[in-house]
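Number of protein chains: 2
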Amino acid sequence: MGVTIKKIAEDLNLAVSTVSKALRDSHEISADTKARVFEYATKINYSPNPYASSLKGRRSRNIAVVVPEVSDSFFSEAINGIEEVAQREGYHVMIYLTHEDGKQEQAIVNDLGNGRVDGILISVAAGATDHDHFDDVKLPLVFFDRVREDIPSTRIVTNDYESGYNAVKHLISRGCRRIAFLSAFGGLNIIRYRREGYLQALKDHGIDVKNCPIVSCTNNESENLRILTQVLDHTERPDSIIGSVEKVTMQAYVACHELNLSIPVDIKVVGFSHLQIASLLNPSLTTITQPAYEMGRAAATALFKTLSKKKLDVVNEQIEIPSVLIERASTR
Amino acid sequence: MGVTIKKIAEDLNLAVSTVSKALRDSHEISADTKARVFEYATKINYSPNPYASSLKGRRSRNIAVVVPEVSDSFFSEAINGIEEVAQREGYHVMIYLTHEDGKQEQAIVNDLGNGRVDGILISVAAGATDHDHFDDVKLPLVFFDRVREDIPSTRIVTNDYESGYNAVKHLISRGCRRIAFLSAFGGLNIIRYRREGYLQALKDHGIDVKNCPIVSCTNNESENLRILTQVLDHTERPDSIIGSVEKVTMQAYVACHELNLSIPVDIKVVGFSHLQIASLLNPSLTTITQPAYEMGRAAATALFKTLSKKKLDVVNEQIEIPSVLIERASTR
DNA sequence: GTGAAAGCGCTAACAC
DNA sequence: GTGTTAGCGCTTTCAC
């Protein structure tokens, strides 16, 4: 294979252990020898086999990122942040996609405990149930965005409750009184918090909840269009919509286009989203923009902090990074 | 650490080699022993340390994916395809982002030769130069989309030349005669081919090239808007635009909006893009949709085919998967 | 300050 | 069929 410590040792007439120590800048090695070793190693382009060292109880310097999808602006931006921190810290990032399937998520996570990675960053699948347990995972675990609160771990979250609340407040300030909430499929706690914020805001502002339907969307696009059409296609329809995830918000746009409902005249729309091109939509979309990149960075940073410790004790902390409501034409 | 072959051997009163062979279903081991070993291994949840086997000349079963960005619909879709094939083949995917920086790309690729991965899938950075060489790379290398033709390797490409040609043909059939081509920054060969197809189509249809500007865009958004405004804001402006990459196409939309140019009445637009939401834009965008997912799948499949061979000889083949022009409102 | 030797978890010759 | 042994590339006692 490539160039090894053994080769350096032979070429320099040293013992492998001496070379090893020299390369790790040990104090027991003379400055002279170190210099020789370093120079020669650089010259023949030596790079240590990461997995040989990992065998000796050391780290692989690989981390796993487990997410539902990568073709989703939130997750791709988060990965962007993770990768940036990892590259700076000399770690390598492995990607695993669950496609919202809890069983597959479980299988992936289980397969990671054999030393392939030093730690896991995860945003749980919508299709996961509480029965899918992470208890057997012995690796440091950091959840981001879609977290599991029943598991002691580091959690990177955003202010979902408050964001749901603020979305309503914003719509009310624009004159809306019949505000629909589009729920996403699965029992994700982030959706629950957004909905609870939504409900509390309605209550605090004295809005009649009867006129504010909570629409349960599915994981199927055409099914959702059918549901949305049903909600929107009558005179008592909502005057505004809050999309709890990017996909359903886009589907609401499609439904409005098809029904010839003008946004924002007939109906206003605000959506949780991280779309770069929210501003290019017809009309540009008011978004609650989650700090995807920052959340990715925070998650990676938290994991590396844990990994840098000698003793890997379980931390149970939660870090919140706020989302921002960006007003655009869809609620003007 | 976890449970090892040694532990199984002790508990079952067998030699480690016997256990090892049993687990690999060797023919020299009795059915009885195999059964015992398998059963016990399953029971105590044994999972082999991947890096211990990789040390013995075997494979790490890790592959590297090196791309400019992950927050880009083409690359995220490609990764999606790669991951799917990898998961099925029992391989693990490591992600590296170059951010279009050739130097960083070089550093990443160099850092991969020490056994961390068994092979590399790469789409080269726009900022790379021919001086950045992959000659030192001893690993199997598969290029996809943005390929390097000077390096013997497997290349997964799409029909860029033809797509450029077809974009022009489509616009001509819609009555366009002043067709602008928006070039992206960097010297990528995919852009060159698209441009050459564009030029050939103009020629074949007897269009006066003088009225068909090739606009050199940069990597800077506001700079591009300035350039685009200059091209579009006069009476002799183009009657149509071909965006050679997604970003500049979106910027053309912004410029048209700002100049109050109506798409498709005043100007028609077609763009190379993989946007899911092209249909939600204002107006919906006619795209030349590259088969990102399929290209990712093809790249991974080609790599695993190479890896499955005993002898890793260098192949030099090119696989082309065609793009499709999808007509929408922007050229109607 | 340097080197010999053991061992991380696993595989593969080569005995028996 | 099963066990013994050596060794992958590296780190880490422990001698010298």
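The listed protein sequences derive, respectively, from chains D and U. Residue 410 is where the first sequence starts when you use the working numbering, and the numbers rise one by one after that. Residue 410 is where the second sequence starts when you use the working numbering, and the numbers rise one by one after that. Heads up, the beta-carbon is just placed ideally off N, CA and C, and yes, glycines get one too. All of these numbers come straight from a predicted model, not from anything done at the bench.
{"Item": "Nonlocal neighbours in the same chain, by C-beta distance under 7 Å from U:Pro459, ignoring five residues either side", "Value": "Ser469, Arg470"}
{"Item": "Completely contained beta strand (DSSP E) runs for the segment 650-723 of chain D, where each covers 3 or more residues", "Value": "677-682, 695-698"}
{"Item": "Euclidean distance between Cα positions of U:Ile650 and U:Asp722", "Value": "44 Å"}
{"Item": "Residue range of the unbroken beta strand (DSSP E) whose run includes D:Leu506", "Value": "501-506"}
{"Item": "Residue of U:Arg445, U:Thr442, U:Leu580, U:Leu548 minimising C-alpha distance to U:Ala738", "Value": "U:Leu580"}
{"Item": "Interface positions of the segment 495-507 of chain U facing chain D (Cβ-Cβ less than 8 Å), listed along the chain", "Value": "Gln496, His501, Val502, Met503, Ile504, Tyr505, Leu506"}
{"Item": "Nearest-angstrom Cβ-Cβ length linking D:Arg555 and D:Ser572, presumed shorter than 8 Å", "Value": "Between D:Ser572 and D:Arg555 the Cβ distance is about 15 Å, and since that is not below 8 Å, they are no contact."}
{"Item": "Candidates U:Asp648, U:Leu432, U:Leu423, of which the one nearest U:Cys585 by Cα", "Value": "U:Asp648"}
{"Item": "Close-in-space but distant-in-sequence residues of the same chain around U:Ala424 (CB under 8 Å, 5 per side omitted)", "Value": "Ala418"}
{"Item": "Assigned exposure category for U:Thr538 - 16 Cβ within 10 Å defines buried", "Value": "exposed"}
{"Item": "Bridge-paired residues (DSSP) for U:Gly411", "Value": "Answer is none; U:Gly411 lacks a bridge partner."}
{"Item": "Distance between D:Leu421 and D:Gly683 (C-alpha atoms, nearest Å)", "Value": "It should be noted that the sequence gives His, not Gly, for residue 683 of chain D. One C-alpha to the other measures close to 56 Å."}
{"Item": "Whole-angstrom distance between U:Met704 and U:Ile728, CA atom to CA atom", "Value": "9 Å"}
{"Item": "Collapsed DSSP secondary structure at D:Val446 in the structure displayed", "Value": "helix"}
{"Item": "Beta carbon of U:Cys626 nearer than 7 Å to that of U:Val657", "Value": "yes"}
{"Item": "C-alpha distance - U:Leu712 paired with U:Ala473, whole-angstrom precision", "Value": "11 Å"}
{"Item": "Per DSSP, cross-strand counterpart(s) of D:Leu734", "Value": "D:Ile697"}
{"Item": "Separation of D:Glu493 from D:Ala487, as counted between CA atoms", "Value": "10 Å"}
{"Item": "U:Ala701 versus D:Arg497: straight-line alpha-carbon distance, rounded", "Value": "29 Å"}
{"Item": "Local conformation of D:Phe484 per DSSP, three classes", "Value": "helix"}
{"Item": "First and last residue of the uninterrupted alpha helix (DSSP H) at U:Glu605", "Value": "598-613"}
{"Item": "Closer than 7 Å to chain D by CB, U:Ala687", "Value": "no"}
{"Item": "DSSP-derived helix/strand/coil call for U:Thr567", "Value": "coil"}
{"Item": "Contact under 7 Å by Cβ, D:Ser732 with D:Thr567", "Value": "yes"}
{"Item": "Residues that D:Pro457 contacts on chain U, provided the C-beta gap is smaller than 9 Å", "Value": "Asn523"}
{"Item": "At least 3 beta-carbon pairs within less than 8 Å: the segment 545-553 of chain U vs the segment 518-535 of chain U", "Value": "yes"}
{"Item": "Beta bridge counterpart(s) of D:Ser592 as assigned by DSSP", "Value": "D:Ser625"}
{"Item": "Segment contact, 8 Å Cβ cut-off, at least three pairs: the segment 441-455 of chain D with the segment 502-515 of chain D", "Value": "no"}
{"Item": "As assigned by DSSP and simplified to three states, the class of U:Leu521", "Value": "coil"}
{"Item": "CA-to-CA distance, U:Glu655 to D:Asp642, given in whole angstroms", "Value": "35 Å"}
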